[in-house]
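Here the structure is laid out as structure tokens; the discussion comes afterwards.
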Amino acid sequence: MRLDGKIAATSIKEQLKKEFASLNKRACLAIVHYDDPASASYLKGRLKIAEELGVEIKIFNVDEKQTTEDLISLVLDLNNDANIDGIMVDRPLPKQFDENKIINSIISTKDVDGYTSLNLGNLVSNQSCLPSCTPGGALRLLEYYDIDLSGKDALVIGRSVNVGKPLSLMLLNKNATVTISHSKTVDLKEKCKTADIIFLALGRANFLKKEDITDNTIIVDIGINFDENGKMCGDASKECYEIAASYTPVPGGVGVMTNVVLMENLLKAAKWNTK
Ligand code: NAP
């Protein structure tokens, strides 16, 4: 079964649009943006969904002549600006900036990307928090298709702070039994065969092959890669789709859900901000 991000996103956006309209103000997201090609394409998607949902976006372009302190000062101003409901800082920033310091200056109630240490810490202690958008999007897609995670053996491939680690904690909080794997994991393909759900977040095209899975496997493909013809593809080879019990396609799977979760986070933040 195809777990279609576009279908899930369309349905969730209808509800979100109504909820944004019912706020007594227009929600506003501030984006501290550096014009890197990956961030530029991500920005297009955010502008599109914001327009669809009636959300305002304010872009603050990063200039390479600025310093870490300049960006922290900008973030602190945005924290104190009652008209701004959510703040995100695009990454990667150029090397001279201390990304961690800048991101951790975002007040946690406006951290719609879920990347501050406070939001990540809340995830560790299973407290309510704004989930980071990509892992949150993967789980939102499974939730839309009523896939229960409780008691399932979940294999997460990748341990980055952006994706693999927060995803693993979210799965644990949903009572999955989680194995976190990475480039030094031994016998990974054997682990793939026995997992109920495989979350691929390694960024290697065609890593997962049909012989690595069974017809009970659910594949959640978070990877974004480009093949030799420049076509977007995930970490699972397309041949897996014929075998797996369910799979998320690339494109049209988890990636679509990332911006949906961003908007869900913004809605929560806007409600807190207007209380
Ligand atoms: P990353 O920081 O490069 O992390 C990759 C992880 O994969 C690392 O933990 C690495 O292990 C592990 N890995 C690499 N090769 C491996 C192998 N052969 N076997 C097992 N593990 C291996 O990447 P990321 O930021 O987490 O992103 C992961 C993928 O998700 C990328 O394709 C990225 O484009 C995509 N992504 C998608 C979205 C979306 O909206 N769908 C958003 C963000 C990222 P080590 O720790 O040992 O190096």
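Heads up: the sequence shown runs through residues 11 to 285, numbered per our numbering.
All C-beta atoms in this analysis are idealised placements derived from N, C-alpha and C, irrespective of residue type, glycine included.
To which residues of the same chain is residue i closer than 8 Å at the C-beta, ignoring the five residues directly before and after it?
i    : result
D237 : A215 and C243
N185 : L159, S160 and G161
E66  : R36, A37, C38, L39 and A60
T204 : D163
L210 : I167, G168, F217, L218, I229, V230, D231, I232, G233, G244, D245 and A246
L151 : L13, G15, A18, V230, T258, G263, V264 and M267
Q106 : E74, T77 and T78
K68  : C38, L39, A40, I41 and I94
T189 : D163, A164, L165, V166, K201 and A205
G213 : G168, G233, I234, N235 and D245
L181 : L149, L159, A164, V166, V188 and F209
S170 : A211
What number of angstroms, rounded off, separates the C-alpha of residue i from the C-alpha of residue j?
i    : j    : result
S118 : L86  : 12 Å
G265 : A92  : 30 Å
R288 : L81  : Any question about residue 288 goes unanswered here, given that the chain covers just 11 to 285.
E109 : L218 : 32 Å
T126 : K201 : 32 Å
S32  : G64  : 11 Å
K58  : K278 : 20 Å
I116 : D100 : 13 Å
I253 : E221 : 9 Å
R56  : N269 : 6 Å
D46  : K27  : 30 Å
T224 : I207 : 11 Å
A48  : M98  : 15 Å
S191 : K175 : 10 Å
Y44  : N114 : 18 Å
N183 : N136 : 6 Å
L88  : K285 : 18 Å
Can you name, in chain order, every residue of its own chain whose Cβ lies under 6 Å from the Cβ of residue i, other than the five neighbours on each side?
i    : result
N283 : D95
S256 : M11, L13 and I228
L128 : S118
E24  : none
Would you call the CB atoms of residue i and residue j closer than 9 Å?
i    : j    : result
D121 : L140 : yes
L272 : D123 : yes
L177 : T144 : yes
F70  : L84  : yes
Enumerate in chain order the residues of its own chain whose CB-to-CB distance from residue i is below 7 Å, with the five nearest sequence positions on each side excluded.
i    : result
A280 : L33, A37 and D95
K199 : D222
Tell me, please, which residues DSSP counts as bridged to residue i.
i   : result
N71 : H43
Using 9 Å as the limit for Cβ to Cβ distance, is residue i near chain D?
i   : result
F30 : Structure shown: chain D not included; a single protein chain is present.
key: Continuous alpha helix (DSSP H) assignments of at least 4 residues falling wholly in the region 184-247   = 198-204
request  = For the region 116-196, list the beta strand (DSSP E) runs that are entirely contained and at least 3 residues long, ordered along the chain.
outcome  = 163-167 and 187-191
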